[in-house]
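Undergrad: Position in the sequence shown (first residue = 1) + 6 = my numbering. All C-beta atoms, glycine included, are put in the ideal place defined by N, C-alpha and C. Owing to the predicted nature of the structure, the values given are computational and were not obtained by experimental measurement.
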Amino acid sequence: MAVRPRGLSPEGLAEGLRRIGGLSARVDACRAAYLAEAERVAEDEGNLVAQVKEASSQRVPQVLAAWKQATDPPAAEVEAERLHEQRALHLSNLQLLCRRHDRTADDHQPDPRRQ
């Protein structure tokens with residue numbers, strides 16, 4: 007009398023093996039995409055270095071922003087949104103700046119007691 011192995015049926019085992027094969031194909035496709043992206047970025051990086059060398063120090067941030075936008079548009083969009091949110095000026099900050107300005111303006115006024 008043969009002992010029947012426990013576990014999956016032959017059909018279940020076959021289905022599991024097909025899923026593993028599909029997973030392997032997806033992993034290989036992802037790996038290939040990452041390698042292609044790495045090669046493209048390496049080429050772009052050389053162009054970026056050349057552009058930064060030629061740019062003035064004031065222009066470098068614009069060159070970097072354009073490179074980020076070209077190489078990774080979703081990440082560039084997230085960064086742009088983050089910077090936009092940081093642009094907010096709170097009223098308390100404005101009041102503090104006005105007080106500082108008033109104090110420095112007072113420091114430059116002639117003292118009426120000395121006249």
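1) When you compare only the Cα positions, how much space is there between Leu54 and Val66?
2) In angstroms with no decimal places, state the Cα-to-Cα distance between Lys74 and Gln64.
3) Note down, in chain order, each residue of its chain lying with its Cβ closer than 6 Å to the Cβ of Glu49, except the 5 sequence neighbours on either side.
4) I need the straight-line Cα distance from Arg46 to Pro80, nearest angstrom please.
5) Give me, in chain order, the residues of the same chain whose beta-carbon lies closer than 7 Å to that of Thr77; leave out the 5 immediate sequence neighbours on both sides.
6) Going straight from the alpha carbon of Arg88 to that of Ala71, what length do you get?
7) Once DSSP output is grouped into helix, strand and coil, what is the label at Ala86?
8) Do Ala56 and Val69 have their C-beta atoms closer together than 8 Å?
9) Return helix, strand or coil for Asp78, following the three-state DSSP convention.
TA: For this structure:
1) Here the question's residue 54 lines up with position 48 in the sequence shown. Here the question's residue 66 lines up with position 60 in the sequence shown. Leu54 and Val66 have their alpha carbons spaced roughly 10 Å apart.
2) Residue numbering aside, residue 74 sits at position 68 when the sequence shown is read from its first letter. Residue numbering aside, residue 64 sits at position 58 when the sequence shown is read from its first letter. Going by the C-alpha atoms only, they are around 17 Å apart.
3) What you label residue 49 is simply residue 43 of the sequence shown in a count that begins at 1. Cβ within range, chain order: n/a, list empty.
4) Within the sequence shown, residue 46 is the residue found at index 40, counting from 1. Within the sequence shown, residue 80 is the residue found at index 74, counting from 1. Roughly 17 Å separates the two Cα atoms.
5) Sequence index remark: in the sequence shown, residue 77 carries index 71 (1-based). Here the set comprises Val47, Asp50.
6) Indexing the sequence shown from 1 puts residue 88 at position 82. Indexing the sequence shown from 1 puts residue 71 at position 65. Rounded to the nearest angstrom, the two C-alpha atoms are 14 Å apart.
7) As a position in the sequence shown, residue 86 is number 80, starting the count at 1. DSSP places Ala86 in the helix class (H, G or I) of the three-state scheme.
8) For the purposes of this step, residue 56 is identified with residue 50 of the sequence shown, where counting begins at 1. For the purposes of this step, residue 69 is identified with residue 63 of the sequence shown, where counting begins at 1. Against a cut-off of 8 Å, the Cβ pair of Val69 and Ala56 comes out as no contact.
9) Mapped onto the sequence shown, residue 78 falls at position 72. Reduced to three states, the DSSP call for Asp78 is coil.
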